Every structure is written in structure tokens, then in C-alpha cells.
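Structure record follows, encoded as C-alpha cells.
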Amino acid sequence: MRGREAREQAERKAVMATLAQSAGDDIVRLWGEAGLPSEAELLRGPETGLVTVRGRIGGGGAPFNVGEATVTRATVRLASGQVGHCYALGRDKQKAKLAAIADALWQDPTRRNEVETKLIAPLQAALASARERRRAETAATKVDFFTMVRGEN
Amino acid sequence: MYVAVKGGEAAIRNAHKLLADRRRGDRSVPALRLDQIVEQLALGVDRVMSEGSLYDRELAALAIVQARGDMIEAIFLVRAYRTTLPRFGYTRAIDTGTMLVERRVSATYKDLPGGQLLGPTFDYTHRLLDPELAAGGDVAEPEQRAGEAEAMPRVSAILAREGLIEPDGDMPEDHVPGDITREPLEFPMARDIRLQALSRGDEGFLLALGYSTQRGYARNHPFVGEVRIGEVELELDVPELPFAVPLGSIRVTECQMVNQFKGSAKAPPQFTRGYGLVFGQSERKAMAMALCDRALRASELGEDVIAAAQDEEFVISHSDNVQATGFVEHLKLPHYVDFQAELDLVRRMRAEHDARENAGKGEEKRQAAE
Numbered sequence: 005m006r007g008r009e010a011r012e013q014a015e016r017k018a019v020m021a022t023l024a025q026s027a028g029d030d031i032v033r034l035w036g037e038a039g040l041p042s043e044a045e046l047l048r049g050p051e052t053g054l055v056t057v058r059g060r061i062g063g064g065g066a067p068f069n070v071g072e073a074t075v076t077r078a079t080v081r082l083a084s085g086q087v088g089h090c091y092a093l094g095r096d097k098q099k100a101k102l103a104a105i106a107d108a109l110w111q112d113p114t115r116r117n118e119v120e121t122k123l124i125a126p127l128q129a130a131l132a133s134a135r136e137r138r139r140a141e142t143a144a145t146k147v148d149f150f151t152m153v154r155g156e157n
Numbered sequence: 027m028y029v030a031v032k033g034g035e036a037a038i039r040n041a042h043k044l045l046a047d048r049r050r051g052d053r054s055v056p057a058l059r060l061d062q063i064v065e066q067l068a069l070g071v072d073r074v075m076s077e078g079s080l081y082d083r084e085l086a087a088l089a090i091v092q093a094r095g096d097m098i099e100a101i102f103l104v105r106a107y108r109t110t111l112p113r114f115g116y117t118r119a120i121d122t123g124t125m126l127v128e129r130r131v132s133a134t135y136k137d138l139p140g141g142q143l144l145g146p147t148f149d150y151t152h153r154l155l156d157p158e159l160a161a162g163g164d165v166a167e168p169e170q171r172a173g174e175a176e177a178m179p180r181v182s183a184i185l186a187r188e189g190l191i192e193p194d195g196d197m198p199e200d201h202v203p204g205d206i207t208r209e210p211l212e213f214p215m216a217r218d219i220r221l222q223a224l225s226r227g228d229e230g231f232l233l234a235l236g237y238s239t240q241r242g243y244a245r246n247h248p249f250v251g252e253v254r255i256g257e258v259e260l261e262l263d264v265p266e267l268p269f270a271v272p273l274g275s276i277r278v279t280e281c282q283m284v285n286q287f288k289g290s291a292k293a294p295p296q297f298t299r300g301y302g303l304v305f306g307q308s309e310r311k312a313m314a315m316a317l318c319d320r321a322l323r324a325s326e327l328g329e330d331v332i333a334a335a336q337d338e339e340f341v342i343s344h345s346d347n348v349q350a351t352g353f354v355e356h357l358k359l360p361h362y363v364d365f366q367a368e369l370d371l372v373r374r375m376r377a378e379h380d381a382r383e384n385a386g387k388g389e390e391k392r393q394a395a396e
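The listed protein sequences correspond, in order, to chains A and B.
Residue numbers for the first sequence follow our numbering, so the first one is 5 and each next one is one higher.
Residue numbers for the second sequence follow our numbering, so the first one is 27 and each next one is one higher.
Printed below as a string of C-alpha cells:
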């Protein structure tokens with residue numbers, strides 16, 4: 005039971021990560037294509053505030069404050085009762101609201117599959133391909149050292 | 027007599043209208059869009075985010091265009107905007123070891139795991155102006171290289187295996203990270219607070235101080251153990267969720283400076299370290315920050331404090347360019363009354379001085395006559 009709960013939390017976190025990473029325009033477009041419902045009661049926000057980003061001394065030592073970043077959050081409740089949250093970098097309020105609704109819909113067992121396949125999966129695919137392209141472009145700038153052979157034989 | 031004066035409302039109003047006009051410039055030239063600034067002046071945007079201490083590209087771009095490209099004015103605008111927003115909390119500390127790396131070089135190890143990745147660098151360019159850019163020609167897509175993603179441990183982890191380098195900086199177990207946005211600066215300060223101040227410090231000021239250490243003012247034999255640039259994920263603990271909520275990614279630049287250290291009464295011979303971490307892509311700033319961080323650890327490491335870069339109060343008190351520009355630029359605001367008072371004082375002192383001189387001359391003449 006604990007294991008299942010932990011797995012579900014990890015899945016929900018991954019969904020929220022995908023939504024937070026994705027561009028608002030992409031979410032709006034897929035939302036329209038999927039015909040997902042956008043009615044929900046707004047319990048909080050969407051509102052923009054700050055988080056203070058922390059780093060670690062030397063990379064892995066004690067934490068210190070680096071600076072702030074803008075974050076927009078929203079909390080919604082569906083007619084079916086599920087409460088969804090979103091926190092995402094930036095100031096895109098429409099994105100925050102839709103992402104909170106998506107989080108709520110995902111918690112509804114009758115809706116989860118639809119949200120996964122029509123919204124999350126395409127967003128994930130786009131993020132993965134952008135990530136892979138960036139990695140491959142960086143990899144092309146990797147230095148391949150070779151040794152100059154001195155003398156003959 | 028003190029006389030209060032008012033005036034200048036119309037002049038100020040018209041000056042600001044004129045500023046808006048000059049900022050826009052020739053109306054036949056298309057207005058800049060924020061996305062153009064974000065995409066094409068990206069490192070300027072990064073500097074404003076870093077020193078404005080606010081990660082938000084569009085806001086930084088807006089600040090740059092509103093400030094007519096005056097970076098310190100743009101940083102000032104961003105700092106002012108920050109104060110209008112509520113704070114949701116402190117993120118979990120980022121893990122630069124899991125960064126989606128876009129550039130990573132080490133000057134100390136040729137063959138380190140993950141390799142040397144040059145990324146989009148100005149290094150090795152010939153610094154020749156490119157007339158083709160002025161003509162607005164198409165730019166080719168970058169090359170790609172397939173292959174498995176390699177893990178890229180921080181170089182400090184590699185050096186640590188031999189025990190010849192000090193560990194990442196630790197603080198006492200119960201230490202709560204200080205926050206200069208909440209508490210006034212107090213000296214001496216802990217390293218975590220110094221790093222927060224340095225991370226938002228003026229690039230030019232830190233660069234000059236870092237340079238001074240290389241030229242012999244607090245020399246500390248630095249090597250770039252590693253510079254890495256890339257995206258790291260942010261997570262925030264919130265009461266409404268049972269897990270840390272993912273917020274998305276930000277780009278940061280990290281510098282691990284490695285410094286030879288001959289040892290002191292407080293520490294054995296080893297490599298010591300300076301650390302730099304800044305928003306966006308700015309290795310110059312991250313490197314300068316790391317040099318300053320190391321220099322400022324002089325007392326901790328038992329070194330003599332003999333140079334400006336080692337003087338914590340001097341460095342940290344003057345590293346903030348918004349404070350610096352505020353105090354320097356306030357000098358041009360009306361000081362009519364102050365100056366009037368000084369003028370009276372100098373007049374009086376001069377009169378007294380002249381009277382003394384004349385009296386002295388009179389005395390000399392009298393003595394000569396006798």
C-alpha cells in the first residue's frame with residue numbers, strides 16, 4: 005500500500021514537472037486539441053510571486069541563497085472534488101491555471117488516461133526531443149584529444 | 027536663512043516625455059520586441075537577471091529596453107520590481123551535478139569523465155567584426171553528435187578522491203542560510219551570506235578585484251577546476267503537497283576555482299577552493315566570483331589580510347551596483363542648501379586664513395624694520 009502511494013506520488017510529480025517545464029502555448033494548443041474541460045473553481049490564484057533559489061557552497065556543501073525567480077501558482081477544485089495545484093517558473097497565469105486543472109484531472113481515475121495520452125505524453129515527447137537536440141548540439145563541441153606522434157617508426 | 031523651494035514639476039514631466047521619445051528613437055525603425063532581446067541579446071538579459079537577482083527573462087528584456095540598454099539602470103528596475111512580489115519560499119538547493127550541460131571545461135584535467143564540451147563560446151574566435159551579421163544573413167543550424175549521454179560529475183569530486191583538496195564548504199549543522207534580502211549586512215559575515223552578495227554583485231567590480239588577485243594583490247594561484255553552464259531543475263517544498271513540487275528549469279553558470287595553498291597554522295598544504303554560481307550564462311562573472319570568494323576566505327585559512335580583495339567589508343559593501351549607483355548618482359540631485367552651508371564655511375575659513383597671513387606678514391615687516 006505504501007509502495008503504491010509512493011509510486012502514485014512520483015507519477016504525479018512527474019506530471020507536474022512536465023507541465024512546469026512546458027511552454028504555456030503548447031499546453032493551450034494541446035488542451036484545445038484534446039478538448040479537455042477548462043472549468044474549475046479557482047481556490048487560489050493564479051498569482052505570481054518569488055522563490056529564492058538555493059545553491060550549495062562548492063556545489064555540494066552547505067546551502068546558500070543565490071537569488072529570486074518568478075513563480076506563478078494556482079489551485080483549483082473540480083466539480084468532481086479533486087483539488088489540483090500548479091507552481092511554475094515565470095508569470096504565465098493561464099498556464100498555471102490549466103496546469104492546476106490538469107493536475108486535478110489526473111487525480112480523477114476516469115480522466116487520468118485521457119490527460120496522460122492527450123496532454124502529458126505529447127508534452128513529454130516535445131521536451132525530450134528538445135533536450136536530446138540540445139545534448140547532441142553540445143556533444144558536437146566535445147574536444148577529442150589526440151596525441152602527436154613524435155619521431156618515426 | 028533656510029528657504030524651502032518647490033518647482034520643476036513641468037520640467038520633470040517634459041523630461042520624462044522626452045526620455046520616452048529618445049528611448050523609442052527614429053519611428054521609422056521597427057520597435058524592438060522583447061522576444062528579440064531575449065533571443066538575440068541573451069547574455070545581456072542574463073547579466074540583468076544575475077545582478078538584478080531575479081530570474082525572469084522577459085522582465086529582464088523589458089528592463090533593458092526601458093533603460094535604453096543601460097545595464098545598471100535595467101538592474102535597478104528589476105530590483106525595484108522584485109520588491110512588489112510576495113515570496114512563496116526557498117527552493118531546495120540545486121544540484122549542479124545533474125545539470126543539462128551546455129558547456130563544461132576544465133583547465134586542470136584533460137580527460138575528465140564527460141569530457142571537455144566547448145558549447146557556445148567566444149573562446150578561440152578571432153574577435154573580428156563580422157560584416158555578414160550587419161547584412162542579416164541566414165545562420166546555419168549547429169552540428170549534432172549522436173551518442174549516449176555521459177554523466178558529468180563535478181571536477182571537485184574527482185580531486186577529492188586523493189584527499190589533496192578541501193571538501194565542499196560546510197557550515198555548522200544548525201546553520202540557517204543567511205539572507206541579505208531579509209537581514210542587514212553585518213561583518214564579519216558567514217561564507218554563505220558572502221556568496222549571496224557576490225552572486226548579485228557587479229560583474230565589473232568583481233572582475234577587477236579578481237584580476238587584482240592575479241596581479242599579486244592577495245595572489246592565490248588559481249586554476250579553473252571547472253566551469254559548467256546549463257539548466258538545473260528547481261523544486262520547492264510546499265505545505266499542500268507531500269512531495270517537493272517541480273518548478274521548471276533555470277540556466278546557471280558554476281565555477282570551481284582550485285587554488286594552490288602552501289598551508290598555514292590553520293590548514294595543511296592542499297588545494298583550497300573558491301566557488302562561483304550565477305544566474306544565466308556568464309562565466310566571466312562566475313570566475314570572478316570564485317576568485318573573490320577564495321580571496322575573502324583569507325582569515326578562515328590563516329592568511330594575512332593585506333589586499334583589497336581580501337577585505338570582506340570593503341568588497342561586500344561595494345559590490346552592489348544598485349547601491350553604488352544610487353549613492354554616486356545622488357550627488358547630481360539638488361544640494362543647494364548643503365552647498366550654501368559649505369560655501370559660508372569656506373568663506374569664513376578663508377577670511378580667517380587671510381587674516382592670519384596678513385597678521386603674520388605685518389609681524390615680519392615689523393621685525394625686519396627693527
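All C-beta atoms, glycine included, are put in the ideal place defined by N, C-alpha and C.
These numbers come from a predicted model, not from an experiment.
Option in the options with minimal Cα separation from residue i
i: residue 345 of chain B; options: B:232, B:177, B:207; result: B:232
i: residue 248 of chain B; options: B:255, B:283, B:123; result: B:283
i: residue 252 of chain B; options: B:317, B:200, B:155; result: B:317
i: residue 49 of chain B; options: B:77, B:70, B:93; result: B:93
i: residue 47 of chain A; options: A:39, A:83, A:26; result: A:83
i: residue 255 of chain B; options: B:267, B:307, B:241; result: B:307
i: residue 175 of chain B; options: A:51, A:95, A:143; result: A:143
i: residue 116 of chain B; options: B:90, B:177, B:240, B:270; result: B:270
i: residue 173 of chain B; options: A:138, A:151, A:154, A:153; result: A:138
i: residue 289 of chain B; options: B:260, B:196, B:329, B:46; result: B:329
i: residue 99 of chain B; options: B:149, B:294, B:38, B:70; result: B:70
i: residue 113 of chain A; options: A:16, A:38, A:69; result: A:16
i: residue 280 of chain B; options: B:382, B:250, B:291, B:162; result: B:250
i: residue 408 of chain B; options: B:183, B:113, B:189, B:170; result: Residue 408 of chain B lies beyond the range of chain B shown here (27 to 396); nothing can be said about it.
Residue i vs residue j beta-carbon contact at 8 Å
i: residue 220 of chain B; j: residue 79 of chain B; result: no
i: residue 81 of chain B; j: residue 57 of chain A; result: yes
i: residue 335 of chain B; j: residue 235 of chain B; result: yes
i: residue 273 of chain B; j: residue 93 of chain A; result: yes
i: residue 338 of chain B; j: residue 322 of chain B; result: yes
i: residue 87 of chain B; j: residue 60 of chain B; result: yes
i: residue 104 of chain A; j: residue 145 of chain A; result: no
i: residue 111 of chain B; j: residue 54 of chain A; result: yes
i: residue 312 of chain B; j: residue 302 of chain B; result: yes
i: residue 100 of chain A; j: residue 81 of chain A; result: no
i: residue 140 of chain A; j: residue 197 of chain B; result: no
i: residue 44 of chain A; j: residue 108 of chain A; result: yes
i: residue 77 of chain B; j: residue 347 of chain B; result: yes
Cross-chain neighbours of residue i in chain B, by beta carbon under 8 Å
i: residue 114 of chain A; result: Here the premise fails: no neighbours, minimum Cβ distance about 22 Å.
Chain-ordered neighbours of residue i on chain A, where CB pairs are closer than 7 Å
i: residue 269 of chain B; result: 13, 17
i: residue 272 of chain B; result: 17, 20, 21, 24
Whole-Å CB distance - residue i paired with residue j, under 8 Å assumed
i: residue 91 of chain A; j: residue 258 of chain B; result: Between residue 258 of chain B and residue 91 of chain A the Cβ distance is about 16 Å, and since that is not below 8 Å, they are no contact.
i: residue 34 of chain A; j: residue 122 of chain A; result: 7 Å
i: residue 395 of chain B; j: residue 332 of chain B; result: Rounded, the Cβ-Cβ distance is 58 Å, inconsistent with contact.
i: residue 144 of chain B; j: residue 131 of chain B; result: 7 Å
i: residue 287 of chain B; j: residue 327 of chain B; result: 7 Å
i: residue 194 of chain B; j: residue 63 of chain A; result: 6 Å
i: residue 342 of chain B; j: residue 223 of chain B; result: 5 Å
i: residue 83 of chain B; j: residue 55 of chain B; result: Between residue 55 of chain B and residue 83 of chain B the Cβ distance is about 24 Å, and since that is not below 8 Å, they are no contact.
Proximal chain A residues relative to residue i, where beta-carbon distance stays under 8 Å
i: residue 81 of chain B; result: 57, 71, 72, 73, 74, 93
i: residue 170 of chain B; result: 137, 140, 141, 143, 144
i: residue 113 of chain B; result: 53, 54, 55, 56, 72
Heavy atom of the ligand GDP within 7 Å of residue i beta-carbon
i: residue 379 of chain B; result: Absent from the structure shown: the ligand GDP. Ligands present: none.
Where the alpha helix (DSSP H) containing residue i begins and where it ends
i: residue 309 of chain B; result: 309-321
i: residue 51 of chain A; result: Premise fails: residue 51 of chain A lies in the beta strand (DSSP E), 45-60, not in any alpha helix (DSSP H).
i: residue 128 of chain A; result: 125-143
i: residue 340 of chain B; result: 338-344
i: residue 38 of chain B; result: 35-50
i: residue 92 of chain B; result: 83-92
i: residue 108 of chain B; result: 97-108
i: residue 69 of chain B; result: 68-78
First and last residue of the uninterrupted beta strand (DSSP E) at residue i
i: residue 220 of chain B; result: That residue, residue 220 of chain B, is in no beta strand (DSSP E); its alpha helix (DSSP H) goes 217-225.
i: residue 274 of chain B; result: 271-287
i: residue 119 of chain B; result: 113-119
i: residue 296 of chain B; result: 296-305
i: residue 255 of chain B; result: 248-262
i: residue 89 of chain A; result: 87-93
Interface partners of residue i on chain B, CB under 7 Å
i: residue 153 of chain A; result: Ordered by position in chain B, no residue passes the 7 Å Cβ test against residue 153 of chain A, which lies about 17 Å from the chain.
i: residue 61 of chain A; result: 194, 195, 217, 218, 221, 301
Under 9 Å from the C-beta of residue i: neighbouring residues of chain A
i: residue 205 of chain B; result: 56, 69
i: residue 324 of chain B; result: Those within 9 Å of residue 324 of chain B in chain A number zero; the least Cβ separation is about 17 Å.
i: residue 238 of chain B; result: Result: empty, since nearest Cβ-Cβ is about 23 Å, beyond 9 Å.
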